[in-house]
Amino acid sequence: MSDRFSYVIEIEDEAVGLVIPTNDDRRSGVIFHAVHPKAQALHGRSFDDPQQATRAASVAMGRAA
């Protein structure tokens, strides 16, 4: 059983996307799925961890990371 979870990413209480663990056993990480128009450039992008994705989402939303 995996201990990896999906996470909703919120910036200032606004949902901007969610990250889902990769299915690749050779590489850990998450895939970002955008739910906010300002975060669409990140949709489908791989990140090493949810924190890295959150920082990128914060920048995409125009807020300091």
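According to UniProt numbering, the sequence shown holds residues 1 to 65 in order. Even glycine gets a Cβ: it sits at the ideal position worked out from N, Cα and C. All of these numbers come straight from a predicted model, not from anything done at the bench.
Taking the continuous alpha helix (DSSP H) assigned at residue i, which residues delimit it?
{"i": "Pro50", "result": "Pro50 to Ala60"}
Excluding five sequence neighbours on each side, which residues of the same chain lie with their C-beta closer than 6 Å to the C-beta of residue i?
{"i": "Val8", "result": "Ala15 and Leu18"}
{"i": "Thr54", "result": "Ile9"}
Going by DSSP, name the residue or residues bridged to residue i.
{"i": "Ala34", "result": "Gly17"}
Going along the chain, which residues of its own chain have a beta-carbon closer than 8 Å to the beta-carbon of residue i, five neighbours each way excluded?
{"i": "residue 90", "result": "Since the first residue of the chain shown is 1 and the last is 65, residue 90 is not available in this structure."}
Which value, in whole angstroms, describes the spacing of the CA atoms of residue i and residue j?
{"i": "His33", "j": "Gly44", "result": "6 Å"}
{"i": "Val30", "j": "Ala57", "result": "13 Å"}
{"i": "Met61", "j": "Ala39", "result": "7 Å"}
{"i": "Ser28", "j": "Asp49", "result": "8 Å"}
Under 8 Å, Cβ to Cβ, is there at least one residue of chain D near residue i?
{"i": "Ser58", "result": "The chain inventory of the structure shown lacks chain D, comprising one protein chain alone."}
Within the same chain, show all residues whose beta-carbon is closer than 7 Å to that of residue i, passing over the 5 residues directly before and after it, in chain order.
{"i": "Arg4", "result": "Pro21"}
Along the chain, which unbroken stretches of the alpha helix (DSSP H) at least 4 residues long are found entirely within the stretch 6-30? none
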